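Just so we're aligned, residue 42 is where the sequence shown starts under our numbering, counting upward by one. The C-beta atom is built at its ideal place from N, Cα and C for all residues, glycine as well. These figures come from a predicted structure and were not determined experimentally. See structure below.
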Amino acid sequence: MAGSRPGYRKRANDNPSTAEKGDELPIVRFVAGQVPRAVDEAEAALLLAGAPIYSRAGTLVRPVAETMPAAGNRNTTVAKLRLLCQASMADHLARAMHFQRFSKTAEEWVDRNPPIEVVTALLAREGEWKLPPLSGVITTPTMRSDGSILSAPGYDPATRLYLVVDPSFRLADVPERPTRSDAEHALQRLKDLICNFPFAGEVDQAVALSGIITAVVRGGIPTAPLHAITAHSPGTGKSYLVDIAATIATGRRAPVIAAGKTEEETEKRLGALLLDAAPLISIDNVNGELWGRSPLPDDGTAIGEGPHSRSE
Numbered sequence: 042m043a044g045s046r047p048g049y050r051k052r053a054n055d056n057p058s059t060a061e062k063g064d065e066l067p068i069v070r071f072v073a074g075q076v077p078r079a080v081d082e083a084e085a086a087l088l089l090a091g092a093p094i095y096s097r098a099g100t101l102v103r104p105v106a107e108t109m110p111a112a113g114n115r116n117t118t119v120a121k122l123r124l125l126c127q128a129s130m131a132d133h134l135a136r137a138m139h140f141q142r143f144s145k146t147a148e149e150w151v152d153r154n155p156p157i158e159v160v161t162a163l164l165a166r167e168g169e170w171k172l173p174p175l176s177g178v179i180t181t182p183t184m185r186s187d188g189s190i191l192s193a194p195g196y197d198p199a200t201r202l203y204l205v206v207d208p209s210f211r212l213a214d215v216p217e218r219p220t221r222s223d224a225e226h227a228l229q230r231l232k233d234l235i236c237n238f239p240f241a242g243e244v245d246q247a248v249a250l251s252g253i254i255t256a257v258v259r260g261g262i263p264t265a266p267l268h269a270i271t272a273h274s275p276g277t278g279k280s281y282l283v284d285i286a287a288t289i290a291t292g293r294r295a296p297v298i299a300a301g302k303t304e305e306e307t308e309k310r311l312g313a314l315l316l317d318a319a320p321l322i323s324i325d326n327v328n329g330e331l332w333g334r335s336p337l338p339d340d341g342t343a344i345g346e347g348p349h350s351r352s353e
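As structure tokens, then:
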């Protein structure tokens, strides 16, 4: 996603009309009364250009990568999704194609900015988009449902995830067919990471390990369990345990919201983070039943309708 045109790719000159411009961008000619045709051609040009635009929950979004300060005087890459507005859509259209109108004065086709009719119609074509659907954006490799590893930056059609990799990230060699010994060695490394937490028993430690592993492989499974972390006294590292899982999976701490006093309040707080495609969310101060309904249709999150956790 570096550079002024993130996600765009070069292509062969497959549109004869582009020869008039001396470049490889296709030309969309706007004629009054032919808005649907122009919108179809504009969307096709975006797909041809590999524009980083995706459909999600009835909207069009684009992945955004930002460099943020991290511990040890280092930087880390943070990825999120941004809704496309009229201005940003017009910007991407102008990058991927040329628009022209016919000038009666000059008696020829002349350049023009992306027509507002095309911009607004494309943004409003919910349910008709050919742009690929996006489930979320991640910053570390994950596992697909078939056991293969998603490690190539960009959009992955199998998982519908967009991977933004930190330039400093290096993935260790992973055997294509790990042995039981490989798995046990990897599990022990995770156990060593959380060995100083005051778990009540082995089952509690297993739940903590489940939380860490689930955060990493979330992209390869249809649904994921909600993990509840409780303790009889403060200062035992509940939030720190969540941050360990989040840092391994995303490279940063988990965003935190407090459970609302009402179902509607919880939904509003969840909605902002889910629309931002936060891969992991920490819900703090749950002192009773946690209710909430996902504001995104068919998003595969673990938050659904009904009570999910009780902390006493």
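- For Lys-121, the three-state secondary structure derived from DSSP is strand.
- Rounded to whole angstroms, the gap between the alpha carbons of Asp-245 and Asp-317 is 31 Å.
- In the DSSP assignment, Ile-179 falls within the unbroken beta strand (DSSP E) covering 177-179.
- DSSP, read as helix, strand or coil, puts Ser-186 in coil.
- Contact between the stretch 168-175 and the stretch 82-94 is present: 3 or more CB-CB pairs across the two stretches fall below 8 Å.
- Its Cα nearest to that of Asn-326, the residue Thr-307 stands out among Pro-216, Arg-230, Thr-307.
- Its Cα nearest to that of Met-184, the residue Val-258 stands out among Asp-284, Val-258, Pro-198, Ser-96.
- As the crow flies, the alpha-carbon of Ala-79 is around 42 Å from that of Arg-293.
- For Ile-298, the enclosing beta strand (DSSP E) has its first and last residue at 297-299.
- As the crow flies, the alpha-carbon of Glu-304 is around 11 Å from that of Leu-311.
- According to DSSP, Ser-96 shares a beta bridge with Leu-101, Pro-174.
- If you draw a 10 Å sphere on the C-beta of His-133, you find 16 or more other C-beta atoms in it, and that means buried.
- With a minimum length of 4 residues, the unbroken runs of alpha helix (DSSP H) contained wholly in the stretch 226-266 fall at 243-258.
- For His-139, the enclosing beta strand (DSSP E) begins and ends at 139-144.
- Pro-219 counts as exposed, since fewer than 16 other beta carbons sit within 10 angstroms of its beta carbon.
- In terms of Cβ geometry, Leu-202 and Gly-260 form a close pair [threshold 8 Å].
- Checking the DSSP bridge columns, you'll see Ser-323 partnered with Val-297.
- Sequence-distant partners of His-268 (beyond 5 residues in either direction) whose C-beta falls short of 6 Å from its own C-beta, in its chain, are Gly-252.
- Taken through DSSP and simplified to helix, strand or coil, Asp-317 comes out as coil.
- Taking a 10 Å sphere around the C-beta of Gly-188, we find fewer than 16 other C-beta atoms and assign the residue as exposed.
- Taking all protein chains shown into account, His-139 has 16 or more neighbouring C-beta atoms within 10 Å of its C-beta and is therefore buried.
- Only residues of its own chain outside the window of five on either side were considered, and among them Pro-194 have a CB closer than 6 Å to the CB of Val-206, listed in chain order.
- Taking all protein chains in view, the Cβ of Arg-221 is surrounded by fewer than 16 other Cβ atoms within 10 Å, so the residue is classified as exposed.
- When Leu-321, Arg-153, Phe-143 are compared, the shortest CA-CA separation from Pro-266 is found for Leu-321.
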